[in-house]
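One rule links them: number in the numbering used here = place in the sequence shown (from 1) + 16.
To keep things clear, I will list the structure first and then write my remarks on it.
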Amino acid sequence: MPLPLRLYNTLGREIVPFVPIEDDEVGLYTCGPTVYQYAHIGNLRTYVFEDLLVRTLRLFGYQVRHVMNVTDVGHLTDDADQGEDKMLKGAREQHKSVWEIAEFFRDAFFSDLKALNISMPDITCRATEHIQDMIDLIRRIEAAGFTYQSGGNLYFDVSKTPDYGKLTGQVREELKAGARITVDPNKRNPHDFVLWFTRSKFEHQSMLWDSPWGRGYPGWHIECSAMSMKYLGEQFDIHCGGIDHIPVHHTNEIAQSEAATGRKPWVKYWLHGEFLVLAKEKMAKSSGNFLTLSSLRERGYDPLDYRYFCLGAHYRSPLQFSYEALDAARSGRLNLVERVLRLKGENPALEPATPQRLEGKASALLVSFNDALANDMNVPRALVAFWELIKDGTVEPQQKWGALLEMDRVLGLDICAVEPEELDPELKARVEELIEQREQARRRKDFAAADEIRDRLRSQGIILEDTPSGPRWKKEKL
Ligand code: AMP
Ligand code: ZN
17 MPLPLRLYNT LGREIVPFVP IEDDEVGLYT CGPTVYQYAH IGNLRTYVFE
67 DLLVRTLRLF GYQVRHVMNV TDVGHLTDDA DQGEDKMLKG AREQHKSVWE
117 IAEFFRDAFF SDLKALNISM PDITCRATEH IQDMIDLIRR IEAAGFTYQS
167 GGNLYFDVSK TPDYGKLTGQ VREELKAGAR ITVDPNKRNP HDFVLWFTRS
217 KFEHQSMLWD SPWGRGYPGW HIECSAMSMK YLGEQFDIHC GGIDHIPVHH
267 TNEIAQSEAA TGRKPWVKYW LHGEFLVLAK EKMAKSSGNF LTLSSLRERG
317 YDPLDYRYFC LGAHYRSPLQ FSYEALDAAR SGRLNLVERV LRLKGENPAL
367 EPATPQRLEG KASALLVSFN DALANDMNVP RALVAFWELI KDGTVEPQQK
417 WGALLEMDRV LGLDICAVEP EELDPELKAR VEELIEQREQ ARRRKDFAAA
467 DEIRDRLRSQ GIILEDTPSG PRWKKEKL
């Protein structure tokens, strides 16, 4: 029996007990990136939050099937069908084809996830490989009478959905055609949205497919409905994303999915992560004003410093980014590394006590750690228990190590793998920057450059090892 867990469901706006549709199995879908640019650290905050959720569910004993899409077609710079095509814009700016852009930024995204110790989803699916699934779903929506054609495109008619907008807590009549929804003359209602574009306003659109409505490409929202249902079924447990997705993307996903399935309630729990804010503005990929994980690395930070920074705020609170705050997170993490190294140094061949063998204070602190997570994933409060245990001088080392490793299954700070080199952030940043350059060379298939970087590291006494979870390095023992 999994441990009980309470979560804030955006649908209904309250903290409720989490009860999966089927026993202890959890189907979870998270909206993935649009791969026309590097992910910015705001996007990455959302992926860290989703990783904490997956890890909490697994620690609590649920069997999670995690699906994430990669949007490589159809997402315009405005979520409500207006603006430029994001992929085309990226391709033009980088002088590459849209396919090359998609491949390059998808790989870059996955290497960011690895660096942040974010567990890979069980299934990652590309929109361009699921066009037929989208067409099939649109046909069901059409057969159910929810569509109309106008100006060459196929639209979803929101007036047929009485509870349109339920995720926002407002009904359709209250939702005004506000700033975000620019009125398109082809639409009968400002909230209607495109399921299939045939009349592209982009002359150089090269990603086009045949469909019953003509040669064209899918709207962005249909991607997530089609792919999530393909891998998780017509009804599943959890759907996540950042809060910006509540009023348009997720609202439209619900409307079209429930239209296709004869109004069966689609997703049981909707979880949304609050934004990372930068100098009181939101960080937006399309505005060009954004920080990436590489830009933090170039300044000497370890990606795990950023992960630790994210752990300091509850996922439903906005988090303000500043270098001072990131510095504080880095010192906190290095303090942790130092204490872990001391614990291991003072106890050679330290074996962790298994969770069943934990007792006394180690067990009590693990219980308060779990209690904090059980209460809508209160990670900052869970960290308090984690720190209390690290600092405690009375807990027996095997007990302490066992409970800490159990907690790190959720925190993902990789305390098991800490090495003394961690305490030399400059060396670490320098090596990791070179490793990233080598990864980029490998992605470009420039193996000569990749080997050259490996040799350069070797000559500096750094041994590199390629493991299934990415490259690992250590200092050569003299
Ligand atoms: P996108 O690639 O634009 O679809 O965004 C990927 C994910 O990042 C989505 O779940 C967004 O909701 C989320 N997101 C976008 N901007 C931010 C931000 N500033 N802070 C946190 N999450 C964000
Ligand atoms: Zn989505």
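Built from N, CA and C at the ideal position, the CB exists for glycine as well.
These numbers come from a predicted model, not from an experiment.
Within the region 137-189, complete beta strand (DSSP E) segments of at least 3 residues are found at 139-142, 163-166, 169-172, given in chain order. Around the beta carbon of His56, a 10 Å sphere encloses 16 or more other beta carbons of the protein chains shown; the residue is thus reported as buried. These are the residues, in chain order, with a beta carbon less than 5 Å from any non-hydrogen atom of ligand 2: Cys47, Cys240. In the DSSP assignment, the residues bridged to Lys491 are Ile478. Leu292 has its Cβ nearer than 7 Å to a heavy atom of ligand 1. At a threshold of 7 Å, Gly235 does not count as near ligand 1, since its beta carbon sits no closer than that to any of the ligand's heavy atoms. Only residues of its own chain outside the window of five on either side were considered, and among them Tyr45, Val283, Trp286 have a CB closer than 6 Å to the CB of His255, listed in chain order. In this structure, Asn268 has its beta carbon at no less than 7 Å from each heavy atom of ligand 1. Residue environment for Phe76: buried (at least 16 other C-beta atoms within 10 angstroms of its C-beta).
Counting along the chain, Cys256 sits inside the beta strand (DSSP E) bounded by residues 252-258. The beta carbon of Arg61 sits closer than 7 Å to at least one heavy atom of ligand 1. Beta-bridge partners assigned by DSSP to Pro33: Arg22. Cβ atoms of Lys491 and Glu437 come within 8 Å of each other, at about 5 Å. Annotation for His255 indicates a beta carbon at 7 Å or more from all heavy atoms of ligand 1. By DSSP's assignment, His261 forms no beta bridge with any residue. A check of alpha carbon separations from Ala401 across Arg332, Lys360, Thr410, Ala419 identifies Ala419 as the nearest.
Around the CB of Cys240, 16 or more other CB atoms lie within 10 Å, so the residue is classed as buried.
Annotation for Cys326: Arg61, Val64 place their beta carbon closer than 6 Å to its own, counting only its chain and skipping 5 residues before and after. DSSP links Asp430 through a beta bridge to no other residue.
The DSSP-derived three-state label of Glu41 is strand. Taking a C-beta distance under 8 Å as the contact criterion, Ser175 and Asn205 qualify as a contact pair. Assignment of alpha helix (DSSP H) within the region 108-137, counting only whole runs of 4 or more residues, yields 114-131 in chain order. Secondary structure of Gly418 (DSSP, three-state): helix. Apart from sequence neighbours up to five positions away, the residues of its chain that approach Gly230 with a beta-carbon distance below 6 Å are Thr214, ordered along the chain. Per DSSP, the continuous alpha helix (DSSP H) segment holding Leu443 begins and ends at 441-459. Leu439 sits exposed, since fewer than 16 C-beta atoms from the chains shown fall within 10 Å of its C-beta. Between Gly185 and Leu27, the alpha-carbon positions lie close to 7 Å from each other. The beta carbons of Gln415 and Leu374 sit closer together than 8 Å. Beta bridge pairing from DSSP links Asn85 with Cys141. Around the beta carbon of Cys432, a 10 Å sphere encloses fewer than 16 other beta carbons of the protein chains shown; the residue is thus reported as exposed. In this model, Gln53 and Ser135 are separated by some 21 Å (Cα to Cα). Of the other Cβ atoms in all chains shown, 16 or more fall within 10 Å of the Cβ of Gln272; this residue is therefore buried.
Counting only residues of its own chain and dropping the five nearest sequence neighbours on each side, Thr163 has a CB closer than 8 Å to the CB of Ile154, Ile157, Leu170, Tyr171, Phe172, Asp173, Leu211. When DSSP states are grouped into helix, strand and coil, Phe463 belongs to the helix group. As a beta-bridge residue in DSSP terms, Trp225 pairs with Gly232.
In terms of side-chain proximity, the C-beta atom of Pro49 is found nearer than 7 Å to a non-hydrogen atom of ligand 1.
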